[in-house]
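**Q**
Number of protein chains: 2
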Amino acid sequence: MSAPTLREVTRQAARERISDVAIELFIERGYDATTVEEIATAAGISERTFFRYFPTKDEVFFSRAAADTQTLIDHVTARPADEAPWVALQAAVDSTLLELDRAENSDRSRTYRTVLAHSADLLAHQFTRLSDALTAISDTLWERWAAAEDPTDPDAKILIRTLVSSALGAVNEVMSFAEDRTPAERRRLVHNTLSAIRPARPDLGGSTAG
Amino acid sequence: MSAPTLREVTRQAARERISDVAIELFIERGYDATTVEEIATAAGISERTFFRYFPTKDEVFFSRAAADTQTLIDHVTARPADEAPWVALQAAVDSTLLELDRAENSDRSRTYRTVLAHSADLLAHQFTRLSDALTAISDTLWERWAAAEDPTDPDAKILIRTLVSSALGAVNEVMSFAEDRTPAERRRLVHNTLSAIRPARPDLGGSTAG
DNA sequence: GCATTCGTGGCAGTGACTGTCACCATGTTG
DNA sequence: CAACATGGTGACAGTCACTGCCACGAATGC
Numbered sequence: 004m005s006a007p008t009l010r011e012v013t014r015q016a017a018r019e020r021i022s023d024v025a026i027e028l029f030i031e032r033g034y035d036a037t038t039v040e041e042i043a044t045a046a047g048i049s050e051r052t053f054f055r056y057f058p059t060k061d062e063v064f065f066s067r068a069a070a071d072t073q074t075l076i077d078h079v080t081a082r083p084a085d086e087a088p089w090v091a092l093q094a095a096v097d098s099t100l101l102e103l104d105r106a107e108n109s110d111r112s113r114t115y116r117t118v119l120a121h122s123a124d125l126l127a128h129q130f131t132r133l134s135d136a137l138t139a140i141s142d143t144l145w146e147r148w149a150a151a152e153d154p155t156d157p158d159a160k161i162l163i164r165t166l167v168s169s170a171l172g173a174v175n176e177v178m179s180f181a182e183d184r185t186p187a188e189r190r191r192l193v194h195n196t197l198s199a200i201r202p203a204r205p206d207l208g209g210s211t212a213g
Numbered sequence: 004m005s006a007p008t009l010r011e012v013t014r015q016a017a018r019e020r021i022s023d024v025a026i027e028l029f030i031e032r033g034y035d036a037t038t039v040e041e042i043a044t045a046a047g048i049s050e051r052t053f054f055r056y057f058p059t060k061d062e063v064f065f066s067r068a069a070a071d072t073q074t075l076i077d078h079v080t081a082r083p084a085d086e087a088p089w090v091a092l093q094a095a096v097d098s099t100l101l102e103l104d105r106a107e108n109s110d111r112s113r114t115y116r117t118v119l120a121h122s123a124d125l126l127a128h129q130f131t132r133l134s135d136a137l138t139a140i141s142d143t144l145w146e147r148w149a150a151a152e153d154p155t156d157p158d159a160k161i162l163i164r165t166l167v168s169s170a171l172g173a174v175n176e177v178m179s180f181a182e183d184r185t186p187a188e189r190r191r192l193v194h195n196t197l198s199a200i201r202p203a204r205p206d207l208g209g210s211t212a213g
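Chains as they are written, first to last, in this note's numbering: chain A, 4 to 213; chain B, 4 to 213.
1. Would you kindly report the start and end of the unbroken alpha helix (DSSP H) that includes phenylalanine 57 of chain A?
2. Pull up the distance between the alpha-carbon of arginine 111 of chain B and that of glycine 172 of chain A, whole angstroms please.
3. For a contact meaning CB atoms closer than 7 Å, what does aspartate 177 of chain B contact in chain A?
4. Could you round the C-beta distance between isoleucine 42 of chain B and alanine 25 of chain B to whole angstroms and report it? I think they count as a contact, below 8 Å.
5. Would phenylalanine 130 of chain B pass as an interface residue toward chain A - the criterion being a Cβ-Cβ separation below 8 Å?
6. Using a Cβ-Cβ cut-off of 8 Å, state whether proline 202 of chain A counts as contacting chain B.
7. How big is the Cα-Cα spacing for threonine 99 of chain A and threonine 99 of chain B?
8. So if I threshold CB-CB distances at 8 Å, which residues from the stretch 180 to 199 of chain A count as touching chain B?
9. Anyone know if the C-beta pair for leucine 92 of chain A and valine 167 of chain A falls short of 8 Å?
10. For isoleucine 200 of chain A, does the three-state DSSP call read helix, strand or coil?
11. State yes or no: is the C-beta of isoleucine 200 of chain B within less than 8 Å of the C-beta of isoleucine 140 of chain B?
12. I'd like to know whether the C-beta of glycine 172 of chain B is nearer than 8 Å to at least one C-beta of chain A.
13. Indicate the three-state DSSP secondary structure (helix, strand or coil) for histidine 1 of chain B in the structure shown.
14. Buried or exposed for aspartate 135 of chain B, please, with buried defined as at least 16 other CB atoms from any protein chain shown within 10 angstroms of its CB.
15. Secondary structure at alanine 81 of chain A, three-state DSSP: helix, strand or coil?
16. Distance, Cα to Cα, aspartate 153 of chain B vs aspartate 35 of chain A?
17. Taking its Cβ as the centre, do 16 or more other Cβ atoms sit within 10 Å of aspartate 61 of chain B, making it buried, or is it exposed?
18. Residues of the stretch 115 to 127 of chain B in Cβ contact with chain A at a cutoff of 8 Å, in chain order, please.
19. Spell out a yes or no on whether the stretch 51 to 69 of chain B and the stretch 121 to 132 of chain B are touching, meaning 3 or more CB-CB pairs, one atom from each, closer than 8 Å.
20. On the three-state DSSP scale, how would you describe arginine 206 of chain A?
21. Residues in the stretch 66 to 97 of chain A with C-beta within 7 Å of chain B's C-beta atoms, listed in sequence order?
22. Starting from threonine 165 of chain B, follow the alpha helix (DSSP H) in both directions and report where the run begins and ends.
23. What number of angstroms, rounded off, separates the C-alpha of leucine 103 of chain A from the C-alpha of tryptophan 145 of chain B?
24. Closest to aspartate 158 of chain A by C-alpha separation, out of B/Ala159, B/Arg191, B/Ala150, would be which residue?
25. Tell me the rounded alpha-carbon separation between threonine 72 of chain B and aspartate 23 of chain A.
26. Can you tell me which of A/Pro186, A/Arg164, A/Ala170, A/Arg67 puts its alpha carbon nearest to the alpha carbon of valine 177 of chain B?
27. Where does serine 49 of chain A fall in DSSP's three states?
28. I'd like the list of long-range same chain contacts for arginine 113 of chain B, defined as Cβ closer than 8 Å, with 5 residues on each side in sequence excluded.
29. Looking at tyrosine 115 of chain A: is its Cβ nearer than 8 Å to the Cβ of alanine 187 of chain A?
30. At the level of alpha carbons, what is the spacing between asparagine 195 of chain B and leucine 197 of chain A?
31. Give the straight-line distance between the Cα atoms of threonine 38 of chain B and valine 12 of chain B, rounded to the nearest whole angstrom.
32. Can you list the residues of chain B that aspartate 158 of chain A reaches, using a CB-CB cut of under 8 Å?
33. Within 10 angstroms of its Cβ, does glycine 213 of chain B collect 16 or more other Cβ (buried), or is it exposed?
34. Going along chain A, which residues have a C-beta under 8 Å from arginine 164 of chain B?
This is the structure in structure tokens:
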């Protein structure tokens, strides 16, 4: 987009260095047991400066871990605009999982999940992040649906939200409770679960498989 | 059950008095803007004593607001043990909504939702509470299913979890985004949404309506 | 009457933040 | 080159949720 200033580049580099150090500490001793002061000292800065780079302690974790939900959002956006919401969503979930299961990605995300699972605090914030993703995806799908159908329909938005909620829930459950399965197995589980859902109204995208 | 000690009765009374005062303050000036010290002072106790009655600040809120999820759990438990998971869940959701929509209940829960919606912090904890409910309900349904079918099936537990996740998600979405509808309308929305979900496997409870 | 136990308040401390200020290294301008 | 504005930084004090510790007083048990 716009030319990044020297300052912006430096700042971004600093951010990454801090989060590298932080995540290393999180893995080593857990999120809760790591203080911001320790992160700052390990990164060679003061605690005050840490908070100039990250608004909260958990942001330093999610700055790296949030890639997954963003990928899903991107894949939804990449779908053809005239596709029905539920069809687009299913396809986006499929292709997102396929992408995330690639090589080095899965190592990284397994590590993050471990850190996440050991901190109730972090987990709580993860839920609100999922909730934000739900809103982002639902809004995108709703706008597209509204352009083609009836933008004044009062039920559509909420029905779309529940569909997205189900999809995110399914992915989250499988990722959390089927860590030991192969990526292909996980994808199959998610796919089967989503296939069993047929939107309450055909205009939202009834199953194409009859 | 067991005879409540005099101490237990006094303690419970104190807890209720504190949470009454606290929730009044939350409504008046918002959750985040209310400090524990203010609650304690208003209740005529010290801050230290407050934390002997409630482990955290949000607990004082949820001690009153958690009734809804507990009602759902109860209704699931009340279902016949041999009923398929998804059938039991749908029925439990229906009857729970019916019960919660009764008279004075809905005023109270609207107030709570208002407080909740204005605090990101509180909302995050609400999600973890929903997650706990998800686990409780899923465990109950799984145990029943396992007794009748195959307890060693590796997929069952996770498939049940995704079903419960969808159900809770649907209820949550409707309650959050259809506040302005009539209770009957909300129940219809939830019911329709859940009817559109057919478990990936018939043993988990395919729709009875063909 | 005395000891034990329990509920309470006071107080100090921790950890995540925020506001303020002074310092210093920039880069800019005359 | 000197005066100046700009922005990043650390030090410090303060807030708020929460915890551990101790001492006091009141109810309880023998």
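Even for Gly, the Cβ is constructed at its ideal location relative to N, Cα and C.
**A** With the structure as the only source:
1. Where phenylalanine 57 of chain A is concerned, there is no enclosing alpha helix (DSSP H), given that its DSSP letter is neither H nor E.
2. 28 Å
3. At residue 177 of chain B the sequence reads valine, which differs from the aspartate that was named. Per Cβ cutoff of 7 Å: Ile161.
4. 5 Å
5. yes
6. yes
7. 36 Å
8. So the close ones are Phe180, Ala181, Leu192, Asn195, Thr196, Ser198, Ala199.
9. yes
10. strand
11. no
12. So yes, glycine 172 of chain B belongs to the interface.
13. Residue coverage of chain B in this structure runs from 4 to 213, which leaves residue 1 of chain B outside it and unanswerable.
14. exposed
15. Correct three-state label for alanine 81 of chain A: coil.
16. 39 Å
17. buried
18. Ala123, Leu126, Ala127
19. They touch, by the three-pair rule.
20. The sequence as given places aspartate at residue 206 of chain A; arginine does not occur at that position. In the structure shown, aspartate 206 of chain A adopts helical secondary structure according to DSSP, grouped into three states.
21. none
22. For threonine 165 of chain B, the enclosing alpha helix (DSSP H) begins and ends at 159 to 180.
23. 30 Å
24. B/Arg191
25. 39 Å
26. A/Arg164
27. coil
28. Glu182
29. Going by C-beta atoms, tyrosine 115 of chain A is not nearer than 8 Å to alanine 187 of chain A.
30. 17 Å
31. 27 Å
32. Leu192
33. Confidence in glycine 213 of chain B is poor, its pLDDT being 39 and thus under 50, which makes the residue's placement unreliable; the coordinate value appears in the next sentence. Exposed: under 16 other Cβ atoms inside 10 Å.
34. Near arginine 164 of chain B (Cβ distances below 8 Å), the residues of chain A are Glu176, Phe180.
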